[in-house]
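Those protein sequences? They're chains A and B, same order as listed.
Residue numbers for the first sequence, in the working numbering: 29 to 399.
Residue numbers for the second sequence, in the working numbering: 987 to 1325.
Just so you know, even glycine gets a beta-carbon here, dropped at the ideal spot from N, CA and C.
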Amino acid sequence: MTNLNPVQTERLQERRNRYNRPTFIIQLVFIAVLLTIPFFFSSFRLIDVVVKVMIFTVFVASYDLLLGYGGLLSLGHSMFFGIGAYSLALVIYHAKTPAWTHFLLATGISLALSISMALVIAFFSLRVKALFFAMMTLALAEFADILAIQWYDLTKAEDGISFGLPGIFNVSWSAKSIMGAEINGRLMTYYFILVVSVILFIIMLRFIRSPVGRVLQAVRDNEPRATALGYKTFHYQIFAIVFGSSIASLAGILYAMWLRYVNPGSVLSTPIMLDVLLMVIIGGLGTLYGSIIGASFIKIAEAWLPDLQKVAQELLPNVVFAQRLAERWILYFGILFILVVFFFPRGFVGTARDIIKSRKTVAKPVEVPHD
Amino acid sequence: MMLTSSHAGTAEPTAIDLRKWGGRILSIGVWILPLIWIDPTTYATLTIAGLTMGVLLFLTASGLTVIFGLMDVLNLAHGAFFAWGAYAGFSFLNILSRKGWLDMATLGQSMGNLALVLLLALLVGGVLGLLLERVIIRKTYGNHLKQILITMGAALVMNEIIKIFWGPNDEALLVPAAFQDSWVFFNILVTKFRGVAILVGVLVYIGIQLVLQKTKLGIIVRAGVENKEIVQVMGYNIQRIFSGVFATGAALAAVGGVMFSIFNGHIYPSMGDENLIFALIVVIIGGMGSVTGSFLGALMVGLAFNYVAFLVPKLALGVNIMIMAIILLIRPRGLMGRS
């Protein structure tokens, strides 16, 4: 015990208390709610939104690793998502009959592709300047989108690919109903996605607390100093890019599993990148938990905002301009985005943490005179 | 940051020469190489098409590169100015056609119409640019992340507003009558508009160069690219210069939008974003902050796109990325980029 430094003792304490903290209980309750949702609500729309929120939480969190923890602004993260989604779709589509091995094959292909792409991007762009990274990734992501649209023989372009899943994930699979809920392929897919995304999220939480993650944050905060301390900052940044991109491609596989259909517009295009940026900014950069808030907010809004259009049509049937205003709900996201970047740059979770922290520091001086 | 720059300084002189010449050889090779596979007449037509596309790209890229060089702002809303220019031009051309001006068939009259439309686009782009700089971008100087996010958000909002006013669909553009004819030199067909576009592009390039090299304003801007603080110390209002440069860049992008939409014959809301990608590639190839670099880069991209579109149509859109990768391998800072 004696040769532990203060940081180590603090971490040890953190480790001991990790099951007693309120956050742990909240996490458990959260997972329990997700586990039981399909039994209480049979609405497909709700389940669909929940699954999309889970997948996008993982995707956004992987983006947060790059942007919030690494300080690396990538505008091509959707490319990795698309790589994952397309590898599952293409493997199953070109093999005709779906089999279990296809999952492994797709995972392998997507990981190999995304790791090599991430390495190429990192080596090309990080050599020069941080802004370069943003431009390069944007250009490459656009290129991937174009490739998917142009290469008809492989990807079926805008028509997209629909495919079936093997075994218990198949739509036609169903077993006896338990407690009133029907056990079918959709439900199994739901649980599979839930388990995998929780695992991926835990891996990411672990990553930011690992020595590598801590160095990464140091590089973000003060690169010259991290260099001076003897860390090869370039290596850590490359590792973060590769790691974040791999997780994004795994999230892409999950997304393809749920949709059973891919086309460039749904998994690869710039609107997805915009969505992810919105989510990460609204949730809070460098918080990881913010991705849950951001993804929920945007996905729920996306699911129910189009109803606004119907309302507008009913209320103002003859005013085309009002209908167009209601139709373009992305406009409001854009305005919200600008406002959040301006006034709450730390996002929802970051701002909430600031408020809690400031309350604690305000409370202290009051206590001190009594002592 | 400091470490990388010192590395560049200590590189061996032979390596620097190789990099310099590699870039030059590549930029000449891109002109000559296609002659192996394409017969000369087609080659000439393709070259003219490529040059047209190149100068049109330059119109957007020039603003982007100067804004980046002077203000250190990566303006992702640049594509939105492009689209706004195109849509403003579209509406104005409609008005002109209702007056019957577009049907006048002489080249002079068409040029006059074009000049009017371009003037309007300049105005729209300039005002929008000024507004965006004053209201939003001014508050984010020095914070790259915030800038990129803000300009991205601004682009999103501006594109959505286009969809509200003009609708989300493709619209066909009315083109001044004389531009649809063409000249014939030695069996080579040159659409008149292409000639005009090349002329406009080259004039804009010469104009920018003259302003930057010969006027006092240009000297201040160039000095600002080198060192902002010293310019401020000398007593110049750098804020005002920033606004001016930003508005000019936006206006040029809007002009580019009009020219491009006449070139293509139709407009659509996402045209700005697509063009922004091209312009970004051009700026990366040319070296960020260099006008001449982006001119060369734009011509290179335009030519390569047309040659490859003729030879291997499927590769056309990917060839730009390939050129960018090759250039970056040889010269990590672009053709004319400085460390």
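For the C-beta of G362 of chain A, the chain B residues within less than 7 Å are, from N- to C-terminus, G1139, L1142, V1143, E1146. If you ignore the 5 residues before and after L333 of chain A, its C-beta comes within less than 6 Å of the C-beta of W357, all in its own chain and listed in chain order. Of all residues in the segment 1233–1264 of chain B, only D1259, I1263 place a beta-carbon less than 7 Å from a beta-carbon of chain A. Residues of chain A whose Cβ lies closer than 8 Å to the Cβ of A1311 of chain B are, in chain order, F152. Across the segment 292–320 of chain A, CB contacts with chain B closer than 8 Å involve T298, L302, L305, I309, in sequence order along the chain. In terms of CA proximity to G378 of chain A, A:G312 leads the group A:S319, A:F161, A:G312, A:E342. Secondary structure in the segment 131–206 of chain A: no beta strand (DSSP E) run of 3 residues or longer lies completely within the stretch. The beta carbon of M163 of chain A sits closer than 7 Å to some beta carbon of chain B. When DSSP states are grouped into helix, strand and coil, A1158 of chain B belongs to the strand group.
For L118 of chain A, not one C-beta of chain B is nearer than 7 Å to its own C-beta.
Distance check between K1149 of chain B and each of A:E186, A:V247, A:E355, A:A140 places A:E355 closest, using alpha-carbon atoms only. Contact between L1135 of chain B and L305 of chain A holds, since their C-beta atoms are separated by about 7 Å, short of 8 Å. Under the three-state reduction of DSSP, N45 of chain A is assigned to coil, being neither helix nor strand.
The bridge partners DSSP lists for L1175 of chain B are B:V1170. At a cut-off of 7 Å, the C-beta of A167 of chain A has a neighbouring C-beta in chain B. Proximity of I1270 of chain B to chain A, defined by a Cβ-Cβ separation below 7 Å, is satisfied.
DSSP links I1253 of chain B through a beta bridge to B:E1157. Between the C-alpha atoms of T1177 of chain B and W1169 of chain B there is a straight-line separation of about 6 Å.
M163 of chain A and F152 of chain A do not touch by the CB rule: their CB atoms are close to 11 Å apart, not below 8 Å. Two segments are said to touch when three or more pairs of C-beta atoms, one from each, lie closer than 8 Å; by this definition the segment 274–285 of chain A touches the segment 97–114 of chain A. Residue pairing by DSSP leaves Y264 of chain A without any beta bridge partner. Minimum Cα-Cα distance from S190 of chain A among the listed residues A:H122, A:F58, A:I321 corresponds to A:H122. The Cβ atoms of I1034 of chain B and R1180 of chain B lie closer than 7 Å to each other.
Taking C-beta atoms under 8 Å as the contact rule, L1032 of chain B and I1022 of chain B fail to qualify, at a distance of about 14 Å. Where K327 of chain A is concerned, the enclosing alpha helix (DSSP H) starts and stops at 318–332. DSSP places N291 of chain A in the coil class of the three-state scheme, outside both helix and strand. Proximity of chain A to I1307 of chain B at the Cβ level (cut-off 8 Å) is accounted for by A167, L168, F171, in chain order. Shown here for F1246 of chain B: same chain residues with a beta carbon closer than 6 Å to its own, the five before and five after excluded, namely L1042 in chain order. Under the 7 Å criterion on CB atoms, K1149 of chain B is classed as interfacial with respect to chain A. Chain-order list of chain B residues neighbouring P126 of chain A: empty, with the shortest C-beta distance near 29 Å, by a criterion of under 9 Å.
Within chain B, no C-beta atom comes less than 9 Å from the C-beta of R381 of chain A; the nearest is roughly 19 Å away. Look at N250 of chain A here: in three-state DSSP terms it is coil, with no helix or strand label.
Taking a cut-off of 8 Å for Cβ pairs, the segment 282–297 of chain A and the segment 63–72 of chain A do not touch, as fewer than three such pairs fall below it.
For secondary structure counted as the alpha helix (DSSP H) over 4 or more consecutive residues, the segment 335–359 of chain A holds these complete runs in sequence order: 348–355. In the DSSP assignment, R73 of chain A falls within the unbroken alpha helix (DSSP H) covering 72–92. Out of A:G188, A:N33, A:L147, A:A176, the CA that lies nearest to the CA of L287 of chain A is found in A:G188.
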